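Enquirer:
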Amino acid sequence: MCESSAEYDFSGFDSGALLEIDAKIKVDEEKKVSVDDPSEAASSRRPLYKILNKQDLQLRRDDAIREVTSVLGISDDDASRVLRKFQWDVNRVHDPWFSDMDAVKASVGLQDPGPSTTADHATCMVCFDTFPLPEMRSAACRHHYCTACWRGYVNNAIANGPASLDLRCPTPKCKAC
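With the numbering used here, letter number 167 in the sequence shown gets 167, and the count goes up by one each step, no holes.
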């Protein structure tokens, strides 16, 4: 073992950073907490976060959605998608949205509805069976799928975890929600 500091290589040591840290630390002699009393140390600190119950969380979520829908003029579902992209921070939504609305919409899979069809039947793009249109499911893009195939797609996505929150149309290259 080394007995003195002369035997250590301090060439990579940044003493300036240590001095800067020391300068930021202010010691109040009257408020020192001894190591012998950890309960006093714990009680003197304020938590940096607040734990919300389910009801408070739902209220905050609903308030955020309401604010975004009123400012951006989008649906509640679309507001939820946009808020998820910005970690539910309403203040972070506005600048990107008003700077480049199309880019934000594309990044979260929002599209204007595709052209409506006057047909009364459509072919499922997975099983290729034909069904009456009211029995079909689609995203905003209106790529139609039978209920069984759509349900299988959604259930598979849910089984694969949280990515199902950003589920997109199963049609290749379609990014619609």
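All residues carry an ideal CB built from backbone N, CA and C; glycine is no exception. As the structure is a prediction and not an experimental result, all values here were calculated from the model.
Does the segment 143 to 159 come close enough to the segment 92 to 112 to have 3 or more Cβ pairs within less than 8 Å?
Expert: no
Enquirer: Pop quiz: T69 and D62 are said to be a contact at Cβ under 8 Å. What is the actual Cβ separation, rounded to whole angstroms?
Expert: The Cβ separation is near 10 Å, so there is no contact.
Enquirer: What are the partner residues of C146, as DSSP defines its beta bridges?
Expert: M136
Enquirer: Does the Cβ of A139 have 16 or more other Cβ atoms within 10 Å, making it buried, or fewer, making it exposed?
Expert: buried
Enquirer: Let me know if H121 comes out buried or exposed under the rule of 16 or more other beta-carbons within 10 Å of its beta-carbon.
Expert: exposed
Enquirer: Using the C-alpha atoms, what's the distance from T171 back to H143?
Expert: 7 Å
Enquirer: Quick one: what does DSSP say E30 is sitting in, helix, strand or coil?
Expert: At E30, the pLDDT of 47 sits below 50, so the modelled position is not reliable; the number obtained from the coordinates is stated separately. If DSSP states are grouped into helix, strand and coil, E30 belongs with the helices.
Enquirer: Taking all protein chains shown into account, decide if C127 is buried (16 or more other Cβ within 10 angstroms of its Cβ) or exposed.
Expert: It is exposed - the Cβ of C127 has fewer than 16 other Cβ atoms within 10 Å.
Enquirer: Using DSSP with H/G/I as helix, E/B as strand and the rest coil, what is A157?
Expert: helix
Enquirer: Answer yes or no: do V93 and L83 have a C-beta to C-beta separation smaller than 8 Å?
Expert: Yes.
Enquirer: Need the endpoints of the alpha helix (DSSP H) that A103 sits in, please.
Expert: Run containing A103: M101 to V108, per the alpha helix (DSSP H) assignment.
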